[in-house]
Amino acid sequence: MVTGRPILREYPTSLHIIHWPFVRDSDPAYLRPAIKQILMNVPNLDHLRLATRESMTRYLIEDPRYPFRLRQLEMTPTRETIFVEFLRSQPEIEDVSFWTQDKLEGSSRWRADTTSLQPDILPKLRSIKSDETDISFLVPDHPVANLTLFEVLRSVQVHKEIGKSLVPLKRLTEHIELREQPWDSEIVSKCFPSLDFCWGSLSSYSLQLTPRSPELDDHSALSFLKQRGTRWHGLEVLRKKLSAFTALRKFNLSFYYHKYHDLTPEFCQTVPELSRFDVWEESCPSLEEVTLFGVTLIR
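Number 218 in the working numbering belongs to position 213 of the sequence shown; there are no gaps in the numbering.
Printed below as a string of structure tokens:
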């Protein structure tokens with residue numbers, strides 16, 4: 006494609022490049038220009054997935070003069086000015102997935118000239134999958150409507166940065182730690198209130214939980230709910246507070262590790278929130294589907 010069959014260059018629209026040597030210093034110099042030459046010969050590429058070490062990534066994004074115009078990008082960002090300039094060269098990008106950096110290689114913060122990405126860079130950005138560091142840098146003053154936060158949130162302060170999007174938030178997936186009893190208290194007193202900017206726009210919300218207190222760290226949904234010690238096991242409190250989300254159609258509550266979803270039909274029948282969709286619809290009329298620890302209720 007690069008040398009012998011130039012007609013083939015027009016065909017690729019999606020490309021996945023993996024170069025991740027097991028030995029940190031086993032990065033043959035000849036591979037770098039070879040990989041860059043491939044990228045220089047795929048003019049119709051719109052989806053790039055790049056899994057390389059930071060040194061290779063930095064080489065590939067230096068002096069970015071690639072012929073393609075990406076719409077989707079998946080990679081580990083170097084979180085520095087050179088990477089911002091690479092993003093500047095790709096104004097058609099709408100969807101990014103930025104993986105968390107190796108703590109041994111990368112920084113935990115962006116080392117760029119500004120605290121957030123300039124509005125004229127990635128002006129069409131609509132969807133982000135990444136951690137809170139990248140999301141806080143990328144969202145402000147961009148038309149981001151769909152977010153997936155990798156890893157556990159250190160705090161809900163990232164919601165303030167998400168609220169600076171140019172458009173209403175439509176879909177959100179996030180992962181929080183539970184450190185207090187009762188388990189529902191942190192969700193209804195901290196998480197839900199900090200999302201007030203999207204109460205009227207959020208249509209899909211997926212909330213993943215990681216219990217951290219000794220009383221909650223049982224890794225069983227059945228034991229987790231029974232510890233609440235009431236008939237509704239905390240789900241009634243959650244359901245009533247969900248009424249603030251007036252546009253919500255789908256709500257998913259789960260453990261981060263789904264293998265711990267062990268609710269039995271017999272137990273579910275004793276809890277209205279696990280067996281009757283109408284109680285959810287009463288609190289949140291816009292709802293069409295609720296999934297709780299693997300149990301799905303549909304209108």
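The beta carbon of each residue, even a glycine, is placed where N, CA and C say it ideally should be.
- A contact between stretches requires three or more CB pairs, one per stretch, nearer than 8 Å, and the stretch 62-72 fails this requirement with the stretch 116-130.
- In this structure, DSSP gives PHE103 an extended state, which the three-state scheme calls strand.
- A straight line joining the alpha-carbon of TYR16 with that of LEU154 spans about 33 Å.
- For secondary structure counted as the alpha helix (DSSP H) over 4 or more consecutive residues, the stretch 141-224 holds these complete runs in sequence order: 163-167.
- Counting only runs of 4 or more residues that sit fully inside the stretch 115-143, the alpha helix (DSSP H) segments are 137-143, in chain order.
- DSSP links ALA56 through a beta bridge to ILE23.
- Here DSSP, grouped into helix, strand and coil, assigns VAL242 to helix.
- By a beta-carbon distance limit of 8 Å, LEU279 does not contact LEU292. Their separation comes to about 15 Å.
- For GLN274, the three-state secondary structure derived from DSSP is helix.
- Counting along the chain, the unbroken beta strand (DSSP E) around ILE303 starts and ends at 300-303.
- For GLU294, the enclosing beta strand (DSSP E) begins and ends at 294-297.
- Residue state for PHE88 is assigned as helix, using DSSP reduced to three classes.
- Here ARG76 is not near GLU90, since their CB atoms are 8 Å or more apart.
- Taking a contact as a CB-CB distance under 8 Å, the pair TRP285 and PHE229 does not count as one, their CB atoms being some 20 Å apart.
- Put simply, of ARG131, PHE103, GLN95, PHE88 the residue whose alpha carbon is nearest the alpha carbon of THR119 is PHE88.
- For SER288, the enclosing alpha helix (DSSP H) has its first and last residue at 282-288.
- The shortest C-alpha to C-alpha distance from VAL193 to any of VAL242, LYS231, ARG159, SER209 is the one to VAL242.
- Sequence-distant Cβ neighbours of LEU212 in its own chain, meaning closer than 6 Å and more than five residues away, are LEU258.
- Rounded to whole angstroms, the gap between the alpha carbons of ASN49 and LEU20 is 11 Å.
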